[in-house]
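In the working numbering, the protein residues as written are 140 to 328. For glycine and all other residues, C-beta sits at the position ideal for the given N, C-alpha and C. Just below is one structure, and these are the notes that go with it.
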């Protein structure tokens, strides 16, 4: 059985058995929080449990490293939509220990891209168009700096309301322990 067949069969039974009823909620976050977190699979269930969030409590945005690299990119747009359209009034940036983005090597990834069939012509065209792949595919030196960078991008965004607290935390993916590294209530890092 392939993955799509497996997913669709499970979904058919999920709907038929009305298992969705346990997850019904509104589109507005109950706790009025938006969380930017890493897409690391270890955090899928651990992060909400460690932070006492249940379905419907927060808007959760996941990407590689919990990083906002473009102040006018899709992640920041999602933060602003959560604040203005969905009534969130607090932001948490949650990085994690042992994050793969701290070890991301752009040259190695470009090698993997080539191995998977993307041609040198495509890579050259991107570079000649002003897209610096080695910069775009770069991670961060350590998780603390990555979280602080993202907190700063959000706090300095010209469209962010001035009264929105932006917090930075690091979670341990082994036990769920949280470390506060930027307190948005009193502006400390």
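**Q.** Nonlocal neighbours in the same chain, by C-beta distance under 8 Å from residue 242, ignoring five residues either side
**A.** On the chain shown, position 103 is the one that residue 242 refers to. Within the same chain, residue 242 has close Cβ partners 278.
Q.
Taking its Cβ as the centre, do 16 or more other Cβ atoms sit within 10 Å of residue 246, making it buried, or is it exposed?
A. Along the chain shown, read from residue 1 onward, the residue named residue 246 stands at position 107. It is exposed - the Cβ of residue 246 has fewer than 16 other Cβ atoms within 10 Å.
Q. With distances taken between CB atoms, is the gap from residue 240 to residue 203 smaller than 8 Å?
A. Locating residue 240 in the chain shown gives position 101, where the first residue counts as 1. Locating residue 203 in the chain shown gives position 64, where the first residue counts as 1. Against a cut-off of 8 Å, the Cβ pair of residue 203 and residue 240 comes out as a contact.
Q) What are the residues that DSSP puts in a beta bridge with residue 308? A) Position 169 of the chain shown holds residue 308. According to DSSP, which records beta bridges pairwise, residue 308 is partnered with 233 and 319.
Q. If you draw a straight line from the alpha carbon of residue 212 to that of residue 290, how long is it in whole angstroms?
A. Here residue 212 corresponds to residue number 73 of the chain shown, with the count starting at 1. Here residue 290 corresponds to residue number 151 of the chain shown, with the count starting at 1. Their backbone Cα atoms lie some 15 Å apart in a straight line.
Q: Tell me whether residue 198 is buried or exposed, calling it buried when 16 or more other Cβ atoms sit within 10 Å of its Cβ.
A: Translated into positions along the chain shown, residue 198 becomes position 59. When all chains shown are included, residue 198 counts as buried.
Q. What are the start and end residues of each continuous alpha helix (DSSP H) run of 4 or more residues lying completely inside the region 241-309, in chain order?
A. 245-254, 259-267, 272-275 and 282-294
Q) With burial defined as no fewer than 16 other Cβ atoms inside 10 Å of the residue's Cβ, what is the status of residue 149: buried or exposed? A) Here residue 149 refers to the residue found at position 10 when the chain shown is read from its first residue. Burial call: exposed.
Q.
Helix, strand or coil for residue 222? Go by DSSP, reduced to three states.
A. Translated into positions along the chain shown, residue 222 becomes position 83. Residue 222 falls in the helix class under three-state DSSP.
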